[in-house]
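Below is one structure; the comments refer to it alone.
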Amino acid sequence: MCSFSHPERTYSKPSILVTPSGVVPVGTNITITCKRDQQVLANFFFWKKGSWTQEYEPTSMKENTFSISNAEPSDGQIYFCAYCFQGDKIPDCSSYSNEVNVTLRDPSLSEPAILVKPSKDIYPGTKVSFYCQGPETGLTYSLWRAQVLAGTRMAEPDSQIVEFPLFKVKTEDTGNYSCHYQLKGNPFVWSLQSDSIKMIVNGE
Numbered sequence: 002m003c004s005f006s007h008p009e010r011t012y013s014k015p016s017i018l019v020t021p022s023g024v025v026p027v028g029t030n031i032t033i034t035c036k037r038d039q040q041v042l043a044n045f046f047f048w049k050k051g052s053w054t055q056e057y058e059p060t061s062m063k064e065n066t067f068s069i070s071n072a073e074p075s076d077g078q079i080y081f082c083a084y085c086f087q088g089d090k091i092p093d094c095s096s097y098s099n100e101v102n103v104t105l106r107d108p109s110l111s112e113p114a115i116l117v118k119p120s121k122d123i124y125p126g127t128k129v130s131f132y133c134q135g136p137e138t139g140l141t142y143s144l145w146r147a148q149v150l151a152g153t154r155m156a157e158p159d160s161q162i163v164e165f166p167l168f169k170v171k172t173e174d175t176g177n178y179s180c181h182y183q184l185k186g187n188p189f190v191w192s193l194q195s196d197s198i199k200m201i202v203n204g205e
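Have a look at this one:
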């Protein structure tokens with residue numbers, strides 16, 4: 002660990018990649034790779050936003066990795082990196098990389114319930130609403146159609162239920178929908194996915 006001043010933006014920013022990407026279960030082994038263009042002796046630095054800085058010994062390799070073994074909910078966060086050349090007094094550093102998210106699914110968080118209204122006789126142009134209900138009030142929910150994010154909404158502070166209205170649905174909106182919620186205080190820790198519910202939009 003070390004303290005680190007703001008990089009001087011002298012060199013091109015490195016690329017950063019998290020593997021595996023997407024939402025992964027708690028307990029997964031995760032690798033964050035920082036890569037630069039120049040193959041010269043430099044230090045790599047990794048940051049976990051709002052928490053710590055990890056410094057690595059100087060290397061001439063173009064990339065370095067930070068590993069998270071058996072990821073815990075506290076590992077869910079934003080990460081980024083930079084590399085630095087050691088000067089006489091202060092490091093001469095690259096720009097920060099883009100940010101990547103480590104997002105975890107915690108099996109200890111119960112899955113929400115999901116309901117769709119109306120549930121049948123749905124035709125193009127109909128308003129359809131999905132309702133997701135979790136164990137606490139004021140949670141933030143995400144609605145998914147298969148593996149595609151359909152929307153994110155926060156429940157009212159005194160409500161355990163959130164509505165996802167779909168106005169004037171089309172036949173291509175037919176599919177399996179599910180939802181999950183975020184852990185309060187950590188948007189990078191999600192609950193288990195709800196059961197999926199199928200919506201069928203009948204043709205004209």
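Everything in the sequence shown is counted per this note's numbering, starting at 2 for the first residue and increasing by one. All C-beta atoms in this analysis are idealised placements derived from N, C-alpha and C, irrespective of residue type, glycine included. Just so you know, these numbers come straight off a predicted model, no measurement behind them.
1) Express the C-alpha separation of L144 and P113 in angstroms, rounding to a whole number.
2) Would a C-beta distance cut-off of 9 Å place D196 and I115 closer than the cut-off?
3) In whole angstroms, give me the CA-to-CA distance for S52 and I123.
4) Kindly indicate the opening and closing residues of the beta strand (DSSP E) around Y178.
5) Going by the DSSP bridge assignment, what does P166 pair with across the sheet?
6) Under a Cβ-count criterion, where at least 16 other Cβ atoms within 10 Å of its own Cβ denotes burial, should L105 be classed as buried or exposed?
7) Does DSSP put T54 in a helix, in a strand, or in coil?
8) Could you give the DSSP three-state label for R37: helix, strand or coil?
9) Three or more C-beta pairs under 8 Å: does that hold for the region 93-110 against the region 162-172?
10) Enumerate in chain order the residues of its own chain whose CB-to-CB distance from K63 is below 8 Å, with the five nearest sequence positions on each side excluded.
11) What does the Cβ neighbour count give for G77, buried or exposed, with the cut at 16 atoms within 10 Å?
12) In the DSSP assignment, find the beta strand (DSSP E) that holds T153 and state where it starts and stops.
13) Anyone know if the C-beta pair for E100 and Y80 falls short of 9 Å?
14) Assuming A156 and G139 form a contact by the criterion Cβ under 8 Å, report the distance between their Cβ atoms to the nearest whole angstrom.
15) Given this structure, state the Cα-to-Cα distance separating P206 from V190, to the nearest angstrom.
From the atom records:
1) Roughly 11 Å separates the two Cα atoms.
2) In this structure, I115 lies closer than 9 Å to D196 by Cβ.
3) In this model, S52 and I123 are separated by some 49 Å (Cα to Cα).
4) DSSP places Y178 in the uninterrupted beta strand (DSSP E) bounded by G176 to L184.
5) Residue pairing by DSSP puts P166 in a beta bridge opposite S130.
6) Flag for L105 reads buried.
7) Three-state DSSP puts T54 in a strand.
8) In the three-state reduction of the DSSP assignment, R37 falls in the coil class, being assigned neither a helical nor a strand state.
9) Fewer than three pairs of CB atoms, one per stretch, sit closer than 8 Å, so the region 93-110 makes no contact with the region 162-172.
10) Short of 8 Å from the beta carbon of K63, and not among the five residues preceding or following it, lie these beta carbons of its own chain, in chain order: K36, R37, D38, Q39 and Q40.
11) By the neighbour-count rule (16 or more Cβ atoms within 10 Å), G77 is buried.
12) Where T153 is concerned, the enclosing beta strand (DSSP E) starts and stops at V149 to M155.
13) Yes; because the gap between Cβ atoms is below 9 Å, this pair is in contact.
14) So it is a contact: roughly 6 Å between Cβ atoms.
15) Only positions 2 to 205 of the chain appear in the structure, and residue 206 is not among them; the question remains open.
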